[in-house]
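Chain order of the listed sequences is Z and X.
Residue numbering for the first sequence follows the numbering used here, beginning at 131 and increasing consecutively.
Residue numbering for the second sequence follows the numbering used here, beginning at 131 and increasing consecutively.
Read through the structure below, which is laid out as structure tokens, and then see the notes.
2 protein chains.
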Amino acid sequence: MDNFTFYSPTFFDFGREAELHVAELIRRFGGSKVLIHYGGGSIKKSGLYDRVIGCLDEEGVPYVELGGVKPNPRSGLVYQGIELCRKEGVDFILAVGGGSAIDSAKAIAAGSVYDGDFLDFYHGRADVEKALPVGTILTIAAAGSEGSPNTVITDEKTLIKKGASGDVLRPKFSILNPELTCTLPPYQTAAGATDIMIHVCERYFSNTSEVEITDRLCEGILKTVIYETPRILENPNHYEARANLMWAGMLAHNNVCGVGREQDWASHNIEHELSAIYDVTHGAGLAVVAPLWMRHVLKKNPGKLVDFATRVWEIPLDETNPEATALQGIEAFEAFLKSIGMPGSFEEIGAKKEDIERMVDKLFRNSDTQGNYVKLTREDVIEIYKSAVKGS
Amino acid sequence: MDNFTFYSPTFFDFGREAELHVAELIRRFGGSKVLIHYGGGSIKKSGLYDRVIGCLDEEGVPYVELGGVKPNPRSGLVYQGIELCRKEGVDFILAVGGGSAIDSAKAIAAGSVYDGDFLDFYHGRADVEKALPVGTILTIAAAGSEGSPNTVITDEKTLIKKGASGDVLRPKFSILNPELTCTLPPYQTAAGATDIMIHVCERYFSNTSEVEITDRLCEGILKTVIYETPRILENPNHYEARANLMWAGMLAHNNVCGVGREQDWASHNIEHELSAIYDVTHGAGLAVVAPLWMRHVLKKNPGKLVDFATRVWEIPLDETNPEATALQGIEAFEAFLKSIGMPGSFEEIGAKKEDIERMVDKLFRNSDTQGNYVKLTREDVIEIYKSAVKGS
Numbered sequence: 131m132d133n134f135t136f137y138s139p140t141f142f143d144f145g146r147e148a149e150l151h152v153a154e155l156i157r158r159f160g161g162s163k164v165l166i167h168y169g170g171g172s173i174k175k176s177g178l179y180d181r182v183i184g185c186l187d188e189e190g191v192p193y194v195e196l197g198g199v200k201p202n203p204r205s206g207l208v209y210q211g212i213e214l215c216r217k218e219g220v221d222f223i224l225a226v227g228g229g230s231a232i233d234s235a236k237a238i239a240a241g242s243v244y245d246g247d248f249l250d251f252y253h254g255r256a257d258v259e260k261a262l263p264v265g266t267i268l269t270i271a272a273a274g275s276e277g278s279p280n281t282v283i284t285d286e287k288t289l290i291k292k293g294a295s296g297d298v299l300r301p302k303f304s305i306l307n308p309e310l311t312c313t314l315p316p317y318q319t320a321a322g323a324t325d326i327m328i329h330v331c332e333r334y335f336s337n338t339s340e341v342e343i344t345d346r347l348c349e350g351i352l353k354t355v356i357y358e359t360p361r362i363l364e365n366p367n368h369y370e371a372r373a374n375l376m377w378a379g380m381l382a383h384n385n386v387c388g389v390g391r392e393q394d395w396a397s398h399n400i401e402h403e404l405s406a407i408y409d410v411t412h413g414a415g416l417a418v419v420a421p422l423w424m425r426h427v428l429k430k431n432p433g434k435l436v437d438f439a440t441r442v443w444e445i446p447l448d449e450t451n452p453e454a455t456a457l458q459g460i461e462a463f464e465a466f467l468k469s470i471g472m473p474g475s476f477e478e479i480g481a482k483k484e485d486i487e488r489m490v491d492k493l494f495r496n497s498d499t500q501g502n503y504v505k506l507t508r509e510d511v512i513e514i515y516k517s518a519v520k521g522s
Numbered sequence: 131m132d133n134f135t136f137y138s139p140t141f142f143d144f145g146r147e148a149e150l151h152v153a154e155l156i157r158r159f160g161g162s163k164v165l166i167h168y169g170g171g172s173i174k175k176s177g178l179y180d181r182v183i184g185c186l187d188e189e190g191v192p193y194v195e196l197g198g199v200k201p202n203p204r205s206g207l208v209y210q211g212i213e214l215c216r217k218e219g220v221d222f223i224l225a226v227g228g229g230s231a232i233d234s235a236k237a238i239a240a241g242s243v244y245d246g247d248f249l250d251f252y253h254g255r256a257d258v259e260k261a262l263p264v265g266t267i268l269t270i271a272a273a274g275s276e277g278s279p280n281t282v283i284t285d286e287k288t289l290i291k292k293g294a295s296g297d298v299l300r301p302k303f304s305i306l307n308p309e310l311t312c313t314l315p316p317y318q319t320a321a322g323a324t325d326i327m328i329h330v331c332e333r334y335f336s337n338t339s340e341v342e343i344t345d346r347l348c349e350g351i352l353k354t355v356i357y358e359t360p361r362i363l364e365n366p367n368h369y370e371a372r373a374n375l376m377w378a379g380m381l382a383h384n385n386v387c388g389v390g391r392e393q394d395w396a397s398h399n400i401e402h403e404l405s406a407i408y409d410v411t412h413g414a415g416l417a418v419v420a421p422l423w424m425r426h427v428l429k430k431n432p433g434k435l436v437d438f439a440t441r442v443w444e445i446p447l448d449e450t451n452p453e454a455t456a457l458q459g460i461e462a463f464e465a466f467l468k469s470i471g472m473p474g475s476f477e478e479i480g481a482k483k484e485d486i487e488r489m490v491d492k493l494f495r496n497s498d499t500q501g502n503y504v505k506l507t508r509e510d511v512i513e514i515y516k517s518a519v520k521g522s
């Protein structure tokens, strides 16, 4: 086990009607004027928007608002948010929505109190050392941004999708009401579940030995997602299944299952190039990339893939041929993803073979390799992308 | 799953030589004058005391100190600590040791800024609403107090052992260096491992259904302890095994594996009466009580005991007789406890049959039942205590 620090100071308020505590929580964590940041009409249609506004009005918490966050959130809206916060003297940002709204809120939070261009944080030109406090009301179990220090933004000029991180970006509070996720369509639900699984996998596939405790947590979260997702797809209003998936989504990414070990993150980086160009749902892009990444690294480093097969998918170990066991694990994962309606090829997400060179150029613009479990070269990634093209 | 809140804002600094960051962490969390609170000579013998003092001196952090914390910490020393803090203008308390030193430090932290008797918190006469900040350097993987809001103190006048709780008692930081636990004798190591397991069990044995995610975390922590403890007893300097056990100990009690569910805590309460009178190591007392509690509740509510057998101890389910499977799980647990040198009877911990009535009187002084998984009456607890007497 490697040395580590772990700090997850977010206050989580989880359960039915938890959103009604929002004004009280904003006050508790020092907010006196709020920017409400959200996506499109879904929170208005569901009535959530009205409940939040009603709660703030009732408690006399002043606010301004900025909607319009799109999946794979863009830099343009962040600049607007920063300007608005400065102009209006906002001191607290409330994100209402999924990972995109939260990531965009974090970018505004850091950018509002920074003299330079907020994209400096995303291009590695500055560290996030201060930010306005952020609170969240989560509506999708997926990105884990509600408990993480991370934010991913797409630079509109270059279409480069980049992450930034900093403990000050961890939300002060996050409100998780599973009921709010019940209206989510099956495809978005499944893409969210896939995102959660890959957040765990990027930590699970590690060369650090002797990390039993985090291995067991990773497996526990994966098994929960595998159990609950089909139950939700069968019955979208299944509160209990939604609740378990929602909490699993937080645990998958606040790093409690990732401490003390080298992590990978190649699948995420490879996927980010896809969703930056095609605006594919991140989880759906991961459903294409991650199993192909597994197939690719299997030959070079089968160890953890054998554990993945036996401990997560409960496939009996073939001691004479552990690699065959590992392959069965990948096949089980692929079958699961297909069963929940996730894509498995470029064609299914509208990606084009002709763009591979361009994506690889962008991916390797600042580094010679990707990932850690197996360090992937440019050629490796080309091979992974190509294997996603049907008939390849 | 029940509604819940979860808040674990402690900063964990984990790994080799982490204690050398202590002065920096005290400063970061606002300390300007420190009370160092610890037990006996072991931290002096090991050199830890000198390293801590050296670090504070080097960084110019002023301190006073109070040693002498005993296992099952007593109210007398807490009063001394409160007086010292007030007299010296202490604004930060650093506990160096195990759960006893930390629990005593939390009591001093709350008592120093409270006008009444600090025992009010423990007797349910007042809520802990403020406290001096506490930091810890942990030397034993056991109590989980390094990440929990809890503290247990024995009132010296009455020998009543009582707990108090409050989020302000969660340490600001906890330093966990597994190397510091390598000198711990086998008996203390095993008692700590038992304490960790029962912290999980008190949460696992719940009537709340549909809590897959926390069930899987509980099982993961239990399996880690079962795997690592014998490796430590075989090789006390096994850093990796010590590291996994140490982090498991934190996770077992910061409540990440207990949210959203009714918990039990009968075994702890039944044990507290033993350790209050006989000063037996808490984990060793639990090793006597917990399996007998399991045997007792098996007849009334076998459900979770079947899961415990199949999922934790990997005993195949006998579908025609699940209770028999559950019993095999309890037997596996008892065999494990014996194998790590833990006691299984009153005789082995110096407890006396004649004291049973007195302990039960104290246990039920404020309540008619104990626990939730099965609500135990006075007669139930008498039966459990009696079953701990050999030849009974």
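Glycine is no exception: its CB is placed at the ideal position from the N, C-alpha and C atoms.
With a CB to CB cut of under 8 Å and the five nearest residues on each side skipped, what residues in its chain are close to residue i?
i, result
"X/Asp257", "Phe251, Gly296"
"Z/Thr499", "Lys505, Leu506, Thr507"
"X/Thr354", "Asn374, Leu375, Ala378"
"Z/Thr440", "Pro446, Leu447, Thr455, Gly459"
"Z/Ile514", "Ile400, Val419, Leu422, Trp423, His426, Leu506"
"X/Ser475", "Val418, Ala518, Val519, Lys520"
"Z/His398", "Ile328, Glu332, Leu416"
Since residue i and residue j should fall inside the 8 Å C-beta cutoff, what is the C-beta to C-beta distance between them, to a whole number of angstroms?
i, j, result
"X/Gly161", "X/Pro263", "7 Å"
"X/Ser230", "X/Pro201", "5 Å"
"Z/Leu309", "Z/Arg146", "The question names Leu, yet the displayed sequence has Glu at residue 309 of chain Z. Rounded, the Cβ-Cβ distance is 6 Å, consistent with contact."
"Z/Val442", "Z/Glu349", "5 Å"
"Z/Arg181", "Z/Leu214", "At roughly 23 Å, the Cβ-Cβ gap does not stay under 8 Å, so Z/Arg181 and Z/Leu214 are not in contact."
Excluding five sequence neighbours on each side, which residues of the same chain lie with their C-beta closer than 6 Å to the C-beta of residue i?
i, result
"Z/Ala320", "Ile470, Gly471, Met472"
"Z/Asp437", "none"
"X/Asp394", "Glu332, Phe335, Gly501, Asn502, Tyr503"
"Z/Thr266", "Ala225, Ile232, Glu276, Pro301, Ser304"
"X/Pro279", "Ser295, Gly296, Asp297, Leu299, Arg300"
Would the beta-carbon of residue i fall within 8 Å of that of residue j?
i, j, result
"X/Val194", "X/Ser234", "no"
"X/Phe248", "X/Val208", "yes"
"X/Ser339", "X/Glu392", "no"
"X/His167", "X/Ile223", "yes"
"X/Ala153", "X/Leu196", "no"
"Z/Ala382", "Z/Ile326", "yes"
"X/Glu403", "X/Leu493", "yes"
"Z/Arg372", "Z/Thr311", "yes"
"X/Lys292", "X/His329", "no"
"X/Thr324", "X/Ala406", "no"
"X/Val220", "X/Leu155", "no"
"X/Gly227", "X/Gly169", "yes"
"Z/Phe303", "Z/Phe141", "yes"
"X/Thr313", "X/Ser176", "yes"
Report all residues from its chain with a CB closer than 7 Å to the CB of residue i; omit the five preceding and five following residues, and keep chain order.
i, result
"X/Pro139", "Arg300"
"Z/Phe134", "Val389, Gly390"
"Z/Glu364", "none"
"X/Tyr317", "Gly471"
"Z/Phe466", "Ile356"
"X/Asn431", "Tyr503, Val504"
Could you check if residue i belongs to the surroundings of the ligand ATP, using beta carbon to heavy atom distance under 7 Å?
i, result
"X/Thr450", "Because no ligand of any kind appears in the structure shown, any question about the ligand ATP cannot be addressed here."
> Would the stretch 441-459 of chain Z and the stretch 421-433 of chain Z be scored as touching if the rule is three or more Cβ pairs under 8 Å?
Replying inline: yes
> Touching or not, the stretch 402-417 of chain Z and the stretch 343-354 of chain Z, by the rule of three or more beta carbon pairs under 8 Å?
Replying inline: Cβ pair count under 8 Å is below three, so no.
>> Assess contact between the stretch 481-501 of chain Z and the stretch 264-278 of chain Z, defined as three or more Cβ pairs (one per stretch) separated by less than 8 Å. Is contact present?
In response: no
> Which residues, in chain order, does the stretch 323-350 of chain Z contribute to contact with chain X at a C-beta distance below 9 Å?
Replying inline: Ser339, Glu340, Val341, Glu342, Ile343, Thr344, Asp345, Arg346, Leu347, Cys348, Glu349, Gly350
>> Using a Cβ-Cβ cutoff of 7 Å, what residues of the stretch 168-202 of chain X are near chain Z? List them in chain order.
In response: none
> Any residues in the stretch 254-282 of chain Z with a beta carbon nearer than 9 Å to a beta carbon of chain X? Which ones, in chain order?
Replying inline: none
>> Under 8 Å, CB to CB, which of the residues in the stretch 373-389 of chain Z have a partner in chain X?
In response: Ala373, Asn374, Trp377, Ala378, Leu381, Val386, Val389
>> For the stretch 350-363 of chain X, list every residue whose C-beta sits within 8 Å of some C-beta in chain Z, in sequence order.
In response: Contacts with chain Z (Cβ-Cβ distance below 8 Å) from the stretch 350-363 of chain X involve Gly350, Ile351, Lys353, Thr354, Tyr357, Glu358, listed in chain order.
>> Along the stretch 453-469 of chain X, where does the CB come closer than 9 Å to a CB of chain Z? Name the residues.
In response: none
> Taking Cβ-Cβ distances below 9 Å as the criterion, which residues of the stretch 132-144 of chain X are in contact with chain Z?
Replying inline: Asp132, Asn133, Phe134, Thr135, Phe136, Tyr137, Ser138, Pro139, Thr140, Phe141, Phe142, Asp143, Phe144
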